[in-house]
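Participant: I have a structure I would like to understand better, so I am pasting it below and will then ask my questions one at a time.
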Amino acid sequence: MSSVIEVQNLTKRYRETTALDDVSFSIEQDAIYGLLGRNGAGKTTAMSILTAQNFATSGQVRVFGQAPFENPAVLSRMCFVRESQKYPDDATGRHALRMARLFFPRWDEDLAQDLVEEFELPVKRRIKKLSRGQLSAVGVIIGLASRAEVTFFDEPYLGLDAVARQLFYDRLLQDYAAHPRTVVLSSHLIDEVAPLLERVLVIDRGRILLDEDTDALRGRASAVVGSSAAVEDFVAGREVIHTERLGRVTSATVLGGLSEQDRQRLREADLDVAPVSLQQLVVRLARRAEDSAPKHQELVP
Amino acid sequence: MEEGRPIFVQIAESIEASIVDGSLSEEERAPSINELAAFHRINPATAAKGVNQLVDDGVLYKRRGVGMFVADGARARLLARRTQDFAAAYVDPLLTEARRLGLGPQDVADIIAERSATTRKEPS
Amino acid sequence: MNRTLSVVRLQLVNTQTFVWVPLLVLGGAFLVTMTIFALLPVEGIVGGGAQAPMWYFLVVGVQSLTLTFPFSQALSVTRREFYLGTVLTALLASAALAVTYVLGGLLEEATGGFGTGSVFFQVPGVWSDGWAVAGLVYLVLSFAFFKVGFFCAVVYKRFGTLVLTAGLIVLALLVLVALWAITRAEAWGQVAAWVADAGVLGLTLWSLPVLALLALASYGLLRRALP
Chain V
190 MSSVIEVQNL TKRYRETTAL DDVSFSIEQD AIYGLLGRNG AGKTTAMSIL TAQNFATSGQ
250 VRVFGQAPFE NPAVLSRMCF VRESQKYPDD ATGRHALRMA RLFFPRWDED LAQDLVEEFE
310 LPVKRRIKKL SRGQLSAVGV IIGLASRAEV TFFDEPYLGL DAVARQLFYD RLLQDYAAHP
370 RTVVLSSHLI DEVAPLLERV LVIDRGRILL DEDTDALRGR ASAVVGSSAA VEDFVAGREV
430 IHTERLGRVT SATVLGGLSE QDRQRLREAD LDVAPVSLQQ LVVRLARRAE DSAPKHQELV
490 P
Chain Z
770 MEEGRPIFVQ IAESIEASIV DGSLSEEERA PSINELAAFH RINPATAAKG VNQLVDDGVL
830 YKRRGVGMFV ADGARARLLA RRTQDFAAAY VDPLLTEARR LGLGPQDVAD IIAERSATTR
890 KEPS
Chain X
56 MNRTLSVVRL QLVNTQTFVW VPLLVLGGAF LVTMTIFALL PVEGIVGGGA QAPMWYFLVV
116 GVQSLTLTFP FSQALSVTRR EFYLGTVLTA LLASAALAVT YVLGGLLEEA TGGFGTGSVF
176 FQVPGVWSDG WAVAGLVYLV LSFAFFKVGF FCAVVYKRFG TLVLTAGLIV LALLVLVALW
236 AITRAEAWGQ VAAWVADAGV LGLTLWSLPV LALLALASYG LLRRALP
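Structure below.
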């Protein structure tokens, strides 16, 4: 596999805040990536800079080996409809789709029409009169039907009900299987999108916290539960990212896979092992990063 | 799919389970990667990883242009491995606990014989 | 296909913005004016309603930046393609409007002010050098309104309300100072003579370098604008 996006030492500073802080990563061709993190972590800023909608303060971005800014050869192969996308005044859903069709060389009109029906999008209604979910559907339809070689989805499920969200995930997988391409899905609902992802980039306060294969990540942490003394004995010397206590029972989340020997030890010590979901793992790693980060401001007691 | 365990492992296990319980017989076509991805709502690359693991283990084999098929003798091999796993997962802890209670292997065997006699009598 | 031309098509997908509303504004102004003319017992009134669509072009100029530009970014259009395509669309729309205006004026002449004996299209001064010049003036003015709207919007987008307001105030002050200076120098006679000398065509041509400057400045600012 070759990488389609290369980011080196990317920094984006606004007047008061640093949205991206010396970030480096790369994105491989034909894979579904999760760009995960809390709201305001820097996800949208990163995607905006990759698509030349925004500008870096410093650092380098290469897409298909070239700088994307004012580069039609690169930009026409990408699609990024942002979560708070603006549309031309008085445009209807039908207008927006007709406009999108003009610019994406791999646009699939049949797919767009199917999706309009499935999402029950009222295409004759003015976009400014659409509900939040219908607005998300417009972005999702453009993103999927564009078949762009690199497609970004920015919190695409906002306002969509459970049925519509599942529809999006199903259609994304289906179309991706038939037409492999690079998809970057930004989300703060980690567990919901986790099964779709091949690789995750976790971004937290402008920094990359994790850049890993999703399946490797899933086996990376386990929660060890049992009597406090036994748990403490077992976790000694291991990397513990979270501990909870209830009476004399302790639950400790440890990093690193468990060997057969470890499992044997756990059985003998009468300890249980519970799986840790991707969401829990990310939240815990983020919290740990927060604790170890130098404090910017002193808390007044 | 349950969270917290690599999904590709779970995919491999689910196919193995179908072979062991006979719902997928030898020389039968196994579900394709895209079918698995759509059914379990997972990334096709993850499904491929699970299938590839079974190919490496000799459980499935590829027929070019047709798909994945269950290998001849796969069921027997899976059963043999499961028997080994059974010993490690159930018998070893059983013996550990038995030692704590001061029971020897023969005592355990007696208990097993007694229990299986009673459970067999009960209609299921 | 050329992506700059695709931007023109993008702007025209919703025909309402660039075609129907300007025509509706012109038609509406025409009907209202004609009704008034018909009700008034006098002839030879000059109405100024024909300029109405130009003000709408100011709004279109603003919206094509604040709303269409962000969407064009989502469609992976470069700023340069968006700018050229949008300017081309505005020129086309201004030209279409100018043609309508000239046709209206000629029809007005032929029918004696549509039977009212008054003037809606053939405003004196504009028509003194014939229909071709009148059409050109109308085209340039419509386009200028669009450009001014677009420029103000891009200034607002880049620097915010404060800078835009300050800029407009400074511009107003400069105009006042110029007016004051002319009065002080008792040069109004010369100015009037110059205007008369240049004629409506001359004045229109004089506005072209200003428009070109505005166009360059808008593009320069747009290149670093965020959607």
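Residue numbers (the working numbering), protein chains in the order written: chain V, 190 to 490; chain Z, 770 to 893; chain X, 56 to 282.
C-beta atoms are modelled at their ideal positions from N, C-alpha and C, and glycine is treated no differently.
Just so we're clear, the structure is a prediction, and the values are computed from it rather than from any experiment.
(1) For L386 of chain V, which residues in the same chain have their Cβ closer than 6 Å to its Cβ, ignoring the five residues on either side in sequence?
(2) Would you mind sorting D393 of chain V into buried or exposed? The rule is 16 or more other CB atoms within 10 Å of its CB.
(3) Taking 8 Å as the CB-CB cut-off, is I221 of chain V touching chain Z?
(4) Return the Cβ separation of T200 of chain V and S247 of chain V in integer angstroms, given the expectation that the two are a contact with Cβ distance under 8 Å.
(5) For a test of the three-state rule: what should DSSP assign to S448 of chain V, helix, strand or coil?
(6) Ends of the beta strand (DSSP E) at L398 of chain V?
(7) Checking contacts by CB at 8 Å: is Q363 of chain V closer than that to chain Z?
(8) Can the beta-carbon of G190 of chain X be found less than 8 Å from the beta-carbon of A129 of chain X?
(9) How close, in whole Å, do the beta carbons of V389 of chain V and L399 of chain V come, if the pair is a contact with beta carbons under 8 Å?
(10) Anything in chain Z within Cβ reach of Y346 of chain V, meaning under 8 Å, just list it in chain order.
(11) Tell me whether the beta-carbon of F201 of chain X lies closer than 8 Å to the beta-carbon of F126 of chain X.
(12) Is there a Cβ from chain V that is less than 8 Å from the Cβ of T141 of chain X?
(13) I'd like to check one pair, S131 of chain X with L264 of chain V: are the Cβ atoms closer than 8 Å?
(14) What does K818 of chain Z reach in chain V if we use C-beta pairs closer than 8 Å?
(15) In angstroms, rounded to a whole number, what distance separates the CA positions of R566 of chain V and A405 of chain V?
(16) Please classify G791 of chain Z: does DSSP put it in a helix, a strand, or coil?
(17) Going along chain V, which residues have a C-beta under 9 Å from F777 of chain Z?
(18) Can you name the start and end residues of the alpha helix (DSSP H) that G151 of chain V belongs to?
(19) With 16 other CB atoms within 10 Å as the buried threshold, where does D350 of chain V fall?
(20) In terms of residues, what are the limits of the alpha helix (DSSP H) holding P125 of chain X?
(21) Terminal residues of the continuous alpha helix (DSSP H) containing D380 of chain V?
(22) Check distances from the C-beta atoms of the stretch 794-825 of chain Z to those of chain V and list, in chain order, the residues that come in under 9 Å.
(23) Got a sec, what are the start and stop residues for the beta strand (DSSP E) D461 of chain V sits in?
(24) Examine the Cβ distances between the stretch 170-184 of chain X and the stretch 98-106 of chain X and report whether three or more of them are shorter than 8 Å.
(25) Return the CA-CA distance between L488 of chain V and F244 of chain V, expressed in angstroms with no decimal places.
(26) Where in the stretch 178-255 of chain X do unbroken runs of the alpha helix (DSSP H), each at least 4 residues long, occur, reported from the N-terminal end onward?
(27) Between V:I316, V:T442 and V:L378, which has its C-alpha nearest G408 of chain V's C-alpha?
(28) I need the DSSP call for K275 of chain V, collapsed to helix, strand or coil.
(29) Do R239 of chain X and A280 of chain X have their C-beta atoms closer together than 8 Å?
(30) Per DSSP, which one or two residues make a beta bridge with G836 of chain Z?
(31) Just the C-alpha distance for L147 of chain X and L139 of chain X, rounded to the nearest angstrom, thanks.
(32) Are the CB atoms of G102 of chain X and S173 of chain X nearer to each other than 8 Å?
(33) Helix, strand or coil: how does DSSP classify Q313 of chain V here?
(34) Taking the alpha carbon of Q71 of chain X as the point to measure from, which residue in V:I238, V:S213 and V:D278 has its own alpha carbon closest?
(35) Nearest to V391 of chain V by alpha carbon, out of V:R287, V:R473 and V:E298?
(36) Three or more beta-carbon pairs under 8 Å between the stretch 337-354 of chain V and the stretch 422-442 of chain V, yes or no?
Facilitator: Result, derived from the coordinates:
(1) I221, G223 and T403
(2) buried
(3) yes
(4) 5 Å
(5) coil
(6) R396 to D402
(7) yes
(8) no
(9) 6 Å
(10) Those do not exist, as Y346 of chain V stays about 14 Å from chain Z at its closest Cβ, beyond 8 Å.
(11) no
(12) no
(13) yes
(14) D404
(15) The structure shown does not extend to residue 566 of chain V, since chain V is modelled only from 190 through 490, so no value can be given for it.
(16) coil
(17) D404
(18) No information on residue 151 of chain V is available, as it lies outside the stretch 190 to 490 that chain V covers here.
(19) exposed
(20) F124 to A129
(21) I379 to V382
(22) I802, N803, A806, A807, H809, R810, I811, N812, P813, A814, T815 and K818
(23) D461 to P464
(24) yes
(25) At L488 of chain V, the pLDDT of 43 sits below 50, so the modelled position is not reliable; the number obtained from the coordinates is stated separately. Their Cα atoms are separated by approximately 34 Å.
(26) 186-239
(27) V:T442
(28) coil
(29) no
(30) Z:R832
(31) 12 Å
(32) yes
(33) One detail in the question is off: residue 313 of chain V reads as Lys in this sequence, not Gln. Reduced to three states, the DSSP call for K313 of chain V is coil.
(34) V:D278
(35) V:R473
(36) no
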